[in-house]
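Undergrad: Handing you this structure, nothing more for now.
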Amino acid sequence: MRTLLLSIGFSLSIVTLFAQKGFELSVNTSANFSFLVNQNDLKETSTQSRISIGNSSLITVGHNFSRTVGLATGLGFTYLRQNYIKTASAKQLKVLRETSHRALTYIRLPLMLRISSSPNAPAQFFMRFGPHLDALLTATGKTEYAFNAGLPDKKIDYRGQYDGNETAQEIFKSFTFGLSLDIGTKIQLSEQFSLLLLAHFESSLTNLEGEDAPNYFPSDFQPIPPKDYILARSNTHGIMMGLNVGLVYRLASSSTFYQPKSRYRTRYWKAQ
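See below:
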């Protein structure tokens with residue numbers, strides 16, 4: 013928690029610095045296809061992965077070093093989800109299916125390099141990419157049984173699980189690193205406002221799961237000579253891709269980088 017607070021404080025201090033210099037503030041959100049990719053899950057024959065929808069939202073402040081290159085940081089929220097269906101019920105009516113999902117939410121601290129074409133063009137090429145640090149907020153799961161199964165739906169809080177010795181289980185890691193990319197167009201609405209329409213892709217670079225995940229999800233038996241074994245599970249990575257829509261507000265114009273067009277033409281009068 014202390015590390016999270018320090019990271020947020022550092023990010024906010026950078027945001028304040030950039031705001032004082034007067035450059036660009038952006039607010040954007042992405043509707044994404046969401047995946048939790050794990051080889052053990054893919055080999056599991058009793059369940060199938062289904063289409064899942066996630067979200068990534070950001071508030072950033074950017075500083076332009078030139079007409080085309082800049083840097084941005086800020087604060088964001090991410091919702092990552094994976095849906096599953098029990099294989100035996102996949103072809104049944106919806107009320108007869110057994111479904112489940114895992115859902116993770118994070119606070120995000122990004123650092124992105126921004127590249128664009130001429131800032132005076134009505135529509136500009138725009139791209140930003142870079143690493144991000146995600147701090148886990150919630151990790152939950154839910155299983156919904158068929159109506160005739162006679163079983164109540166089952167929910168689980170993966171951050172609130174303990175073993176027989178009352179030791180907290182690390183099923184999902186508190187911090188993960190990832191990389192994100194947005195590429196598309198920036199449409200000038202006025203001298204202060206612009207619209208972003210971007211294709212979004214992101215992936216975690218580190219394993220999302222902790223050391224106790226094999227006790228809860230599909231795993232392999234790994235032998236330990238001479239007569240013992242442990243449960244082992246491959247790494248899990250979060251992937252999202254979709255459409256990012258945002259609004260950019262220019263905090264202040266700098267004559268070095270921007271040359272707004274005059275709203276009025278100079279008039280010349282002939283001498284009488």
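Taking the numbering used here, the leading residue of the sequence shown gets 13, the next gets one more, and so forth.
Glycine residues also receive a C-beta, built at the ideal position from the N, C-alpha and C atoms.
Predicted, not measured: the structure shown is a model, and the values here were computed from it.
Name, in chain order, the residues that DSSP records as bridge partners for Thr155.
TA: The residue labelled residue 155 in the question sits at position 143 within the sequence shown. Thr155 pairs with Ser112, Lys166.
Undergrad: Could I get the ranges of all uninterrupted beta strand (DSSP E) runs contained in the region 208-232, with 3 residues as the minimum, in chain order?
TA: Correct list: empty.
Undergrad: Taking the Cβ atom as the reference point for each residue, do Ala135 and Thr80 lie within a distance shorter than 8 Å?
TA: Walking along the sequence shown from the start, residue 135 turns up at place 123. Walking along the sequence shown from the start, residue 80 turns up at place 68. Cβ atoms of Ala135 and Thr80: not closer than 8 Å.
Undergrad: Apply the 10 Å Cβ neighbour rule to Ser130 and answer buried if 16 or more other Cβ atoms are within range, or exposed otherwise.
TA: Numbered from its first residue, the sequence shown carries residue 130 at position 118. With fewer than 16 other Cβ atoms within 10 Å, it is exposed.
Undergrad: Verify whether the separation of the beta carbon atoms of Lys185 and Gly222 is less than 8 Å.
TA: Position 173 of the sequence shown holds residue 185. Position 210 of the sequence shown holds residue 222. Taking 8 Å as the Cβ cut-off, Lys185 and Gly222 qualify as a contacting pair.
Undergrad: Pop quiz: Lys74 and Ser38 are said to be a contact at Cβ under 8 Å. What is the actual Cβ separation, rounded to whole angstroms?
TA: Position 62 of the sequence shown, counted from the first residue, corresponds to residue 74. Position 26 of the sequence shown, counted from the first residue, corresponds to residue 38. The sequence shown places Gly at residue 74, not Lys. That belief holds up - the Cβ atoms of Gly74 and Ser38 are roughly 7 Å apart, short of 8 Å.
Undergrad: If we ignore side chains and look at the alpha-carbon of each, how far apart do Asn50 and Leu193 end up?
TA: On the sequence shown, position 38 is the one that residue 50 refers to. On the sequence shown, position 181 is the one that residue 193 refers to. Going from the Cα of Asn50 to the Cα of Leu193 covers about 22 Å.
Undergrad: Under a three-way DSSP split, which group does Tyr261 fall into?
TA: Position 249 of the sequence shown, counting from 1, holds the residue named residue 261. It is a strand residue.
Undergrad: With burial defined as no fewer than 16 other Cβ atoms inside 10 Å of the residue's Cβ, what is the status of Ala115: buried or exposed?
TA: Here residue 115 refers to the residue found at position 103 of the sequence shown. Ala115 is buried by the Cβ-count criterion.
Undergrad: Measuring CA to CA, which of Asn132, Met253, Tyr157, Tyr228 is closest to Asp169?
TA: Counting from one through the sequence shown, the residue named residue 169 turns up at place 157. When only C-alpha atoms are compared, the closest one is Tyr228.
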